[in-house]
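A.B. asks:
Numbering (the working numbering), first residue to last: 47 to 230.
#1: In this structure, does DSSP put residue 71 in helix, strand or coil?
#2: Is DSSP giving residue 163 helix, strand or coil here?
#3: Which residue wins for smallest C-alpha separation from residue 123, given the options 91, 136 and 97?
#4: Mind checking who residue 93 pairs with in its DSSP beta bridge?
#5: Tell whether a beta-carbon distance below 8 Å holds between residue 118 and residue 163.
#6: On a CA-only basis, which of 99, 88 and 196 is nearest residue 182? Give me that one, please.
#7: Pick helix, strand or coil for residue 83, following the three-state DSSP scheme.
#8: When you compare each of 85, 126 and 101 to residue 76 by their alpha carbons, which one comes out closest?
#9: Using a Cβ-Cβ cut-off of 6 Å (strictly less than) and excluding sequence neighbours within five positions of residue 85, which residues of its own chain qualify?
#10: Between the alpha carbons of residue 220 and residue 101, how many angstroms are there, rounded?
#11: Helix, strand or coil for residue 119, going by three-state DSSP, please let me know.
#12: Please report the straight-line C-alpha distance between residue 217 and residue 99, rounded to a whole angstrom.
#13: For residue 102, name the three-state secondary structure that DSSP assigns.
#14: CB residue 79 to CB residue 141, shorter than 8 Å?
#15: Can you say whether residue 186 is buried or exposed, counting buried as having 16 or more other CB atoms within 10 angstroms of its CB?
#16: For residue 55, count neighbouring C-beta atoms within 10 Å of its own C-beta (all shown protein chains included) and say buried if the count is 16 or more, exposed if not.
#17: Can you grab the Cα-Cα spacing for the pair residue 107 / residue 93, in whole Å?
Structure (structure tokens):
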């Protein structure tokens with residue numbers, strides 16, 4: 047009976063079926079300001095998927111670290127670039143703790159936010175060395191331009207990226223979009 051249930055998978059028999067699927071990291075592409083989320087039911091269109099991941103808890107633990115470096119949004123708000131009411135919107139706490147650039151409150155332009163998301167995608171697609179070189183170049187340029195606060199922000203981003211890469215190295219047998227976070 048158990049073998050038949052697993053083979054046929056009757057719709058109403060939930061007792062002997064595993065209803066869980068693997069989690070994915072989903073980046074929406076059909077919005078003006080892309081959103082990042084963890085999902086077990088990925089969107090069919092309008093999203094770039096990374097995964098599947100074996101451990102949902104490790105993925106949930108890695109998301110705030112990635113958000114601290116790349117400052118992407120995770121909220122469920124529908125944000126449009128030309129919406130003037132965004133200027134009156136109060137950003138969430140993630141903006142105050144410097145984990146989001148608050149596109150909901152029009153604190154970042156569409157182009158600057160797209161550049162942040164592009165860097166995030168490059169990191170996920172295992173191009174960390176290119177991102178490191180780019181951040182180092184921007185940091186040196188900011189120091190030359192006497193923008194020391196921006197240079198310090200870039201230095202902190204660089205350190206956080208290096209820390210994330212120590213935690214998650216992609217194995218040869220895995221998909222190029224997949225990264226693994228080692229809890230140690």
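Glycine residues also receive a C-beta, built at the ideal position from the N, C-alpha and C atoms.
C.D. replies: In terms of the structure at hand:
#1: Looking up residue 71 in the chain shown gives position 25. Strand, per DSSP.
#2: Your numbering for residue 163 matches position 117 in the chain shown. Per DSSP, reduced to three states, the secondary structure at residue 163 is helical.
#3: Indexing the chain shown from 1 puts residue 123 at position 77. Comparing alpha carbon positions, the residue from 91, 136 and 97 closest to residue 123 is 136.
#4: Mapped onto the chain shown, residue 93 falls at position 47. Looking at the DSSP output, residue 93 sits in a beta bridge with 74.
#5: Here residue 118 refers to the residue found at position 72 when the chain shown is read from its first residue. Here residue 163 refers to the residue found at position 117 when the chain shown is read from its first residue. Less than 8 Å separates the beta-carbon of residue 118 from that of residue 163.
#6: Position 136 of the chain shown, counting from 1, holds the residue named residue 182. When only C-alpha atoms are compared, the closest one is 196.
#7: Along the chain shown, read from residue 1 onward, the residue named residue 83 stands at position 37. Here residue 83 sits in strand by DSSP.
#8: The residue you call residue 76 lines up with position 30 of the chain shown. If you compare the alpha carbons of 85, 126 and 101 with that of residue 76, the shortest gap goes to 126.
#9: Against the chain shown, residue 85 aligns to sequence position 39. 70 and 72.
#10: Taking the first residue of the chain shown as 1, we reach residue 220 at position 174. Taking the first residue of the chain shown as 1, we reach residue 101 at position 55. Confidence in residue 220 is poor, its pLDDT being 44 and thus under 50, which makes the residue's placement too unreliable to answer from.
#11: Position 73 of the chain shown, counted from the start, is the residue given in the question as residue 119. Strand at residue 119.
#12: The residue given as residue 217 occupies position 171 in the chain shown. The residue given as residue 99 occupies position 53 in the chain shown. In this predicted model, residue 217 has a pLDDT of only 43, less than 50, meaning its place in the structure is not dependable enough to derive any value.
#13: On the chain shown, position 56 is the one that residue 102 refers to. Helix.
#14: Here residue 79 is taken as the residue at index 33 of the chain shown, counted from 1. Here residue 141 is taken as the residue at index 95 of the chain shown, counted from 1. Not closer than 8 Å, so no.
#15: Counting from one through the chain shown, the residue named residue 186 turns up at place 140. Counting Cβ neighbours within 10 Å, residue 186 comes out exposed, since fewer than 16 surround it.
#16: Locating residue 55 in the chain shown gives position 9, where the first residue counts as 1. Flag for residue 55 reads exposed.
#17: Counted from its first residue, the chain shown places residue 107 at position 61. Counted from its first residue, the chain shown places residue 93 at position 47. Their Cα atoms are separated by approximately 22 Å.
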